[in-house]
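Q: This is the structure, below, for whatever I ask next.
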Amino acid sequence: MRPTSRRLIENALSYVVLITYTLASSIPIWWVITSSFKLPRDIFTYAIIFKPTLANYSEILIGTTAGQYFGSYLHFVQNSAVVSLSTIALSLVIGTPAAFALSRFDFRGKNDVTFWILSTRMGPPIAYIIPFYMIFTRLHLLDTQFALVALYLASNLGFTIWMMKGFFDEIPHELDDAAMTDGCSRFRAFVNVLLPLTRPGLSATGIMVFLFTWNEFLYALILTQQNAETVPVSLMGYIQVLGIAWGPMTAAATLQIVVPLIFSVVVQKHLVRGLTLGAVKG
Amino acid sequence: MSEKKPEEKDMSRRRYLGMTGAAVAGLVVGGVLGYVAKPTVTAPPITSTETETVTVTGTMAPPPVTTAATPYYKQFSGQTVHAVTHDTADHRAVRALIAPEFQTLTGITIDSEMMGDIVLTQKIYTQLSTGATGPYDSGMVHMWLLEGYERPGWLTNLDPLVNAHPWEGILDLNDYVPLFASWCRTSDGKLSGLPFYGHAGCYMYRKDLAEKWGLTPPKTMDDLLAVTKNAHEMGRKEFGSSFYGISMRGIRGADNPHMYFGWPWAWGGRVLDADYNVVANSPECVQAFDYYGKILQSYGPSGSATFHWPEVQRGIMEGTVFSILEATDMPGSIEDPTASKTAGKIGYALLPNGPANTTPMFSYTTTWPVFAHSPVAEAALLWSEYATSGYSQKKTVIEGNFFRTGLTSKSAWTACAAAQPAKYWMAPVLLQAMEQTTNEYMPKIPEVMEIAGPHGDAVSSIVAGTPAKVALDKAAKEIYDILTKAGYNIQMKYPV
Amino acid sequence: MRTRSLELSKYLYLLPAIAFLCVLTLYPFAQSIIWSFYQYDPAKSIYKFIGLGNFSDYLLGDRFLGNAVNTFTFAFSTTGASFLIGLIVALVLNRKLRGTPIFRVILLLPLMMAPVAAGLFWKFLYNADIGLIPQLLSYIGIPRTDWTANPSLALFSVVVVDLWEWTPFMILLLLAGMQAIPLEPYESARIDGASSWQLLTRITLPQMKSTIAIAVLIRFMDALRAFDILWMLTQGGPGRVSETISVTAFIYLYLNYHVGYSAAIAVIMIIITTGISMGFVRYLTRK
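Residue numbers (the numbering used here), protein chains in the order written: chain Y, 93 to 374; chain X, 1353 to 1848; chain U, -16 to 270.
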């Protein structure tokens, strides 16, 4: 009797925590989403009943006004998507083996290398703007997706390696040894045994890298003009000399959330799958 | 992770050397790359060739020779000008209506990129400061940046070009509102840009409520205090605690020298005197900002210390403030019924006089310079001339029906007011405000933004409650340090 | 023979990553360091070696102390709070109650909003008259005021936004760490009659050590360098009460055009973050 009632209380408390936290974190988002369907006049009211309009969305997708930021949303989204996905793919492909090596192997200077990799993330981005601008200008790579991917990779590789190293560290060495005594090489052990176990880690890291690059602003601002401009930079474009275009901006911001949402829902499914297949249990 | 190496001792020394070696190598590589990639620091500005002759290009059939010289503006046919501008209704109007016409007339293609202000300024700065020749040939530059961009030679001197190539019916330097035109000349008298957009300051208030409550626009600062107090109290009785008598900017930082520097003028104060000595903490300035802080603390919204003009403007558009002291270009938004709840209810008056018998100074101009390294400087100038001409301004308003209140051409103002009196009924007041404003209050030095930083920080803390003398003393000291370090031989007239 | 090929293959795993990082991070890093020893003002065509001049100007000037205090206050508050809240929420999510997947998706939303946009919207949300936050607080009797304009609350108001945005990151990491823990220890402990609290402190937390360490470290370092949110909400104001080292570096670079000075501030920031991380890592590897 006692365990079940304690369980009930714990569950109830858990729901309270969850609901409170979810409400608190989603109210501002709710405001943004509803605002995107309101006329600019109504945005600053809390009217629950208002005349909904799709004008803001048509502004950014089709562009009823002849401005740069109106009607080009799909172009910006495409840039953001290509850049983000490339960065994730490359950082996982390059970073995961490196993380594995740091977790499993031992060699001279390992601690220093590990630390140096993390240190690549330590400088304030502001310090690197002008040097990067100059490199890419000289190489005629300004305003290209390539430049952004290169830069984002540099910023996120360290993070990826450190994250994945942590996940590898949590897997006991016995599993490696077991696989190898079964006849696998190090590499096969890595690919067939350890990698699947780190699916939660891969997903988490992938989501984080995606978010860092999807929403990154400063580098995209400096390194892109029209061709490779990403969505966050375009959001700033709604701050105009005559006022902030709240309508289109909330619409763009709402759409901006949709893609990562879909992405993480998709990846989360793999998270669950990874667990049910997990060799760690039993 | 736990295999111990027997050669630990030896290892540490080798490791140390290895690390040092790697660090040095890194620095060397970085240094070499840095040297190679070092930005070009000086560059001479483009000088124009002053010939009116027609150049014949070596094609199969030479162009027919006419007795009349080919107009100057046709000589650049085939070139493309990359301009970067703000994304505002004015620029959109120009791009939609004026650019096609220009392209047909001159054969010059206009590639106009539009973006938000912060982004635009950063991109232009990054391009100019690294000596790049592109991607932009010309762009919008706030007038307080003009001096700082002109002195290192980043901008083309427009005088020789403008003098050598008059453009009948388009280019008329005397048609620009004198206030805005004067902002386009740098301290050495050189014309460094053309005025695209400009404003002075005025008092905007709810004339419907003023009528109801028996209030009239204030003529002096004492009046302002009284009117604001009344409006505040009556407004709260009627609308509740979210109504305020007045709203003005209070945000920190260097973004508002054109307003903050000019505020003490009404008390006889200024930030730097004519010889650049620091007088930012003079008794007049202290009085002026004491007033500024107190009126906002008593009758302004509680967020005033972080308010920039969008927040101030929104207050009046939402109907939560009775009055604002703001820019004369705001009617364009305030009178727009799709965006403003108070369209049609706003009255416009001149700023009130202070104890020194003059209004505070408040002015701004967006200038349109041509960048020095542009390979198509003359063509870019032609576009700027055309786009800022009285003719274009008139056309966008009268033919395009864009409601532009930042016009810089006197003839355009007159023509628009005559053609659309229902919209431009407040034009006389705005023009009078522009006439009454000088830009003497803002020093034309490259360091103006840098000294605007501590000054703006001080204003913000005054609005948030710091005593004016304390904040201004601190700002004055910092301004003095900045200028002496930059090489000015000056004094603090009111030492702390 | 075997060890030799093992030796080689070790480096092969690491090579692409290191090569890439070297090329793209060493140059700007070195460039910034070099510039920090110069007075480099592009606007005035000045490029003059001044040794430690920039450093002494900033470190011994009036601004540094306030900046440093703000930077650390901000970083500690947001990291600590997001860790505590994140841990609780992650533990709750780990119980796999009904509806967990939905909650998980919703609570990730703040992380998906661009910091630029979040900063702008929150600025509006804090507005004393039409903002949601003062509105909600007024229901529990707190008078309406704009936090971002209040000298004593300004920094804290930014911490709240940073928490709102980044706690999901904490939750995500901690949850992933929890889910990698094998079930056996739990089962045997339960059989032995352990309480939930004991399960938490004796099994969960110790097993998650490296995950916690990384999460906290990364969050702390990011918080030290935070810029977007601060700039959008308060710009370091009112006055300078919420100005951090990053904000000052930005002001000197983009508003005052003193590239060398800004680089020096950036170098100081790098030294601080490196020092802290080294200390942290040393503490960790001492086990």
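Just so you know, even glycine gets a beta-carbon here, dropped at the ideal spot from N, CA and C.
As the structure is a computational prediction, the values presented were derived from the model and not from experiment.
#1: Using DSSP's beta-bridge definition, name the partner residues of A1701 (chain X).
#2: Span of the alpha helix (DSSP H) holding L294 (chain Y)?
#3: The beta strand (DSSP E) that contains M1466 (chain X), what's its start and end?
#4: For D211 (chain U), go through chain Y and note every residue whose CB falls closer than 7 Å to its CB, in chain order.
#5: Does the separation of the CB atoms of T1672 (chain X) and Y1549 (chain X) fall below 8 Å?
#6: From which residue to which residue does the beta strand (DSSP E) around V1433 (chain X) run?
#7: Return yes when the Cβ of I154 (chain U) is within less than 8 Å of the Cβ of A209 (chain U), no when it is not.
#8: Would you say P120 (chain Y) and W214 (chain U) are within 8 Å of each other, going by their C-beta atoms?
#9: Name the residue from X:L1507, X:F1532 and X:Q1474 whose alpha carbon lies nearest to the alpha carbon of T1717 (chain X).
#10: Which same chain residues end up closer than 7 Å to Y30 (chain U) when comparing Cβ atoms and leaving out the 5 residues on each side of it in sequence?
#11: Could you give the DSSP three-state label for T112 (chain Y): helix, strand or coil?
#12: Under the DSSP definition of a beta bridge, which residues are partnered with E1678 (chain X)?
#13: Strictly under 8 Å for the Cβ-Cβ distance: is V175 (chain Y) near chain U by that measure?
#14: Check the DSSP bridge columns for L327 (chain Y) and list the partner residues they point to.
#15: Using a 10 Å radius around the Cβ and a threshold of 16 neighbouring Cβ atoms, would you call M261 (chain U) buried or exposed?
#16: Looking at the strands, I want to know which residues DSSP matches up with I1598 (chain X).
#17: Tell me which residues of the segment 1419 to 1440 of chain X have at least one Cβ-Cβ distance to chain Y shorter than 7 Å, keeping chain order.
#18: What alpha helix (DSSP H) runs, 4 residues minimum, are completely inside the segment 1796 to 1846 of chain X?
#19: Between which residues of its own chain and H1610 (chain X) is the CB-CB distance below 7 Å, once the five residues before and five after are set aside?
#20: Which runs of the alpha helix (DSSP H) at least 4 residues long sit entirely within the segment 2 to 68 of chain U? Give them in chain order.
#21: Determine, using beta carbons only, whether Q1745 (chain X) comes closer than 8 Å to chain U.
#22: Measuring only between beta-carbons, confirm whether T56 (chain U) sits less than 8 Å from chain Y.
#23: Return the residue from the list X:F1591, X:L1624 and X:Q1431 that minimises the CA-CA distance to E1799 (chain X).
#24: Please say whether G1545 (chain X) and S1599 (chain X) have beta carbons closer to each other than 8 Å?
#25: Just the chain X side, please: which residues come within less than 9 Å of I113 (chain U) by C-beta, in chain order?
#26: Does the beta-carbon distance from Y109 (chain U) to S135 (chain U) come in below 8 Å?
#27: Between the alpha carbons of L249 (chain Y) and N319 (chain Y), how many angstroms are there, rounded?
#28: Starting from Y1651 (chain X), follow the alpha helix (DSSP H) in both directions and report where the run begins and ends.
#29: Taking its Cβ as the centre, do 16 or more other Cβ atoms sit within 10 Å of T1392 (chain X), making it buried, or is it exposed?
#30: Starting from Y311 (chain Y), trace the beta strand (DSSP E) in both directions and tell me its first and last residue.
#31: DSSP on L1507 (chain X), reduced to helix/strand/coil?
#32: According to DSSP, simplified to helix, strand and coil, what is F1723 (chain X)?
#33: Count the other CB atoms within 10 Å of the CB of S1853 (chain X); is the residue buried (16 or more) or exposed (fewer)?
#34: Have a look at F199 (chain Y) and L(-3) (chain U) and give me their C-alpha separation to the nearest angstrom.
#35: Tell me, please, whether the segment 1652 to 1662 of chain X touches the segment 1601 to 1609 of chain X by the rule of three or more beta-carbon pairs shorter than 8 Å.
#36: Leaving out the 5 sequence neighbours to the left and right, which residues in its chain are closer than 6 Å to A1823 (chain X) when beta-carbon positions are compared?
A: In brief:
#1: Partner(s): X:Y1555.
#2: First-last of the alpha helix (DSSP H) with L294 (chain Y): R291 to W306.
#3: Its beta strand (DSSP E) spans residues T1461 to M1467.
#4: Neighbours of D211 (chain U) on chain Y, chain order: F309.
#5: No, they are not a contact pair.
#6: Per DSSP, V1433 (chain X) belongs to the beta strand (DSSP E) from T1432 to H1438.
#7: The answer is no: Cβ separation not under 8 Å.
#8: Result no, Cβ atoms of P120 (chain Y) and W214 (chain U) do not sit closer than 8 Å.
#9: Scanning X:L1507, X:F1532 and X:Q1474 for the CA closest to the CA of T1717 (chain X) turns up X:F1532.
#10: Once the five neighbours on either side are set aside, the close Cβ partners of Y30 (chain U) are Y21 and Y23.
#11: Here T112 (chain Y) sits in helix by DSSP.
#12: For E1678 (chain X), which the question treats as bridged, DSSP gives the partners X:C1554.
#13: Output row for V175 (chain Y): interface = no.
#14: In DSSP, L327 (chain Y) forms no bridge with anything.
#15: It is exposed - the Cβ of M261 (chain U) has fewer than 16 other Cβ atoms within 10 Å.
#16: Looking at the DSSP output, I1598 (chain X) shares a beta bridge with X:S1675.
#17: The segment 1419 to 1440 of chain X vs chain Y, Cβ under 7 Å: H1438, D1439 and T1440.
#18: Qualifying alpha helix (DSSP H) stretches, in chain order: 1800 to 1815 and 1820 to 1837.
#19: Spatial neighbours of H1610 (chain X) in its own chain (CB-CB distance under 7 Å, excluding positions within 5 residues in sequence) are listed in chain order as W1496, F1714, S1715, Y1716 and M1794.
#20: For the segment 2 to 68 of chain U, the full-length alpha helix (DSSP H) segments reaching 4 residues or more read 10 to 19 and 36 to 42 along the chain.
#21: When Cβ-Cβ separations below 8 Å define contact, Q1745 (chain X) makes no contact with chain U.
#22: Chain Y has no Cβ within less than 8 Å of the Cβ of T56 (chain U).
#23: For E1799 (chain X), the closest alpha carbon among the candidates X:F1591, X:L1624 and X:Q1431 is that of X:L1624.
#24: 8 Å or more divides the Cβ of S1599 (chain X) from the Cβ of G1545 (chain X).
#25: Among the residues of chain X, those whose CB is under 9 Å from the CB of I113 (chain U) are S1594, R1666, E1670 and T1672, following chain order.
#26: Contact flag unset, no.
#27: Straight-line Cα distance between these residues: approximately 25 Å.
#28: That run of the alpha helix (DSSP H) goes P1635 to Y1651.
#29: Unreliable placement is indicated for T1392 (chain X), whose pLDDT of 32 sits below 50; the coordinate value is still reported in the next sentence. With fewer than 16 Cβ atoms within 10 Å of its Cβ, T1392 (chain X) is classed as exposed.
#30: Note, Y311 (chain Y): premise wrong, no beta strand (DSSP E); alpha helix (DSSP H) at L310 to L315.
#31: Three-state DSSP puts L1507 (chain X) in a strand.
#32: Looking at F1723 (chain X) - three-state DSSP - the assignment turns out to be strand.
#33: No statement about residue 1853 (chain X) is possible, as the shown extent of chain X runs from 1353 to 1848 and does not include it.
#34: Between F199 (chain Y) and L(-3) (chain U), the alpha-carbon positions lie close to 12 Å from each other.
#35: Under the Cβ criterion (8 Å, minimum of three pairs), the segment 1652 to 1662 of chain X counts as touching the segment 1601 to 1609 of chain X.
#36: A distance below 6 Å between beta-carbons, with the five flanking residues on each side excluded, links A1823 (chain X) to the following residues of its chain, in chain order: A1810, S1813 and I1814.
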